[in-house]
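Novice: Residue numbers for the sequence shown follow our numbering, beginning at 994 and rising by one.
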Amino acid sequence: MKKSLLSRFSLLLLSATCLFTGCSTVNLDESGDTQAVYQFGGFEMLLNSTAPIAFNAAQKALKDLDLYQTKGQLNAFDAQIYARSRNDQKISIEIKEINSKQTLLKIRWGTAGSKANSRALYDAIEKNMH
994 MKKSLLSRFS
1004 LLLLSATCLF
1014 TGCSTVNLDE
1024 SGDTQAVYQF
1034 GGFEMLLNST
1044 APIAFNAAQK
1054 ALKDLDLYQT
1064 KGQLNAFDAQ
1074 IYARSRNDQK
1084 ISIEIKEINS
1094 KQTLLKIRWG
1104 TAGSKANSRA
1114 LYDAIEKNMH
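1. Excluding sequence positions up to five away, which residues of its chain have a Cβ less than 7 Å from the Cβ of S1078?
2. Give the C-beta separation of L1058 and A1117 to the nearest angstrom, bearing in mind that I take them to be a contact with Cβ-Cβ under 8 Å.
3. What ranges does the alpha helix (DSSP H) occupy inside the segment 1046-1110, keeping only unbroken runs of at least 4 residues that lie completely in it?
4. Could you check the C-alpha separation between A1109 and A1069 for me, to the nearest Å?
5. Tell me the residue span of the beta strand (DSSP E) that contains M1038.
6. Mind checking whether G1035 and R1101 have CB atoms under 8 Å apart?
7. Leaving out the 5 sequence neighbours to the left and right, which residues in its chain are closer than 6 Å to Y1075 when beta-carbon positions are compared?
8. K1120: which of N1092, F1033, K1094 and Q1052 sits nearest, CA to CA?
9. Using 10 angstroms around the beta-carbon of S1093, count the other beta-carbons present and answer buried if the total reaches 16, otherwise exposed.
10. Around the Cβ of F1033, are there at least 16 other Cβ atoms within 10 angstroms (buried) or fewer (exposed)?
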């Protein structure tokens, strides 16, 4: 009886967490064929590129959006960039190669996350990759 009640409570808690955490997909084109994931305050998207190219594009995007880079580290297959906005919000960008042709980009803007600002930063990164 206790196990059944505990498992039901766990399932209910897990369902409520997914329902109220703001998990969503973000359409990146008008057709909806290209999508990013916004979950738990983080914006995630696959790029058709390598980590060094994504790293350089992200650094240019920070300048384009008037953000101040506080730290940047590029390794062979991954990179991290930290920055601050004009209103002193922390911004983190994680870049990890999945394979030789795809790289996972994770953006977190502020403590709780900002879908709109993360999307704007992603758009600037994508623009600088071409």
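Note that beta-carbon positions come from the ideal geometry of N, C-alpha and C, so glycine has one too.
Source: prediction; values computed, not measured.
Specialist: With the given structure in hand:
1. For the purposes of this step, residue 1078 is identified with residue 85 of the sequence shown, where counting begins at 1. Closer than 7 Å at Cβ, skipping near neighbours: L1060 and I1084.
2. Taking the sequence shown and counting its residues from 1, the one referred to as residue 1058 is at position 65. Taking the sequence shown and counting its residues from 1, the one referred to as residue 1117 is at position 124. Their Cβ separation, rounded to whole angstroms, is 6 Å, which keeps L1058 and A1117 in contact under 8 Å.
3. none
4. To locate residue 1109, count along the sequence shown from 1; it is residue 116. To locate residue 1069, count along the sequence shown from 1; it is residue 76. The alpha-carbon atoms of A1109 and A1069 are separated by roughly 30 Å.
5. Taking the sequence shown and counting its residues from 1, one reaches residue 1038 at position 45. M1038 -> beta strand (DSSP E) spans G1035 to L1040.
6. Along the sequence shown, read from residue 1 onward, the residue named residue 1035 stands at position 42. Along the sequence shown, read from residue 1 onward, the residue named residue 1101 stands at position 108. Yes, these two residues count as a Cβ contact at 8 Å.
7. Here residue 1075 refers to the residue found at position 82 of the sequence shown. Taken in chain order, the residues that qualify are T1063, K1064 and S1085.
8. Counting from one through the sequence shown, the residue named residue 1120 turns up at place 127. Measuring from the Cα of K1120, the nearest candidate turns out to be Q1052.
9. Residue mapping note: residue 1093 aligns to position 100 of the sequence shown, counting from 1. Burial call: exposed.
10. Counted from its first residue, the sequence shown places residue 1033 at position 40. That one is exposed.
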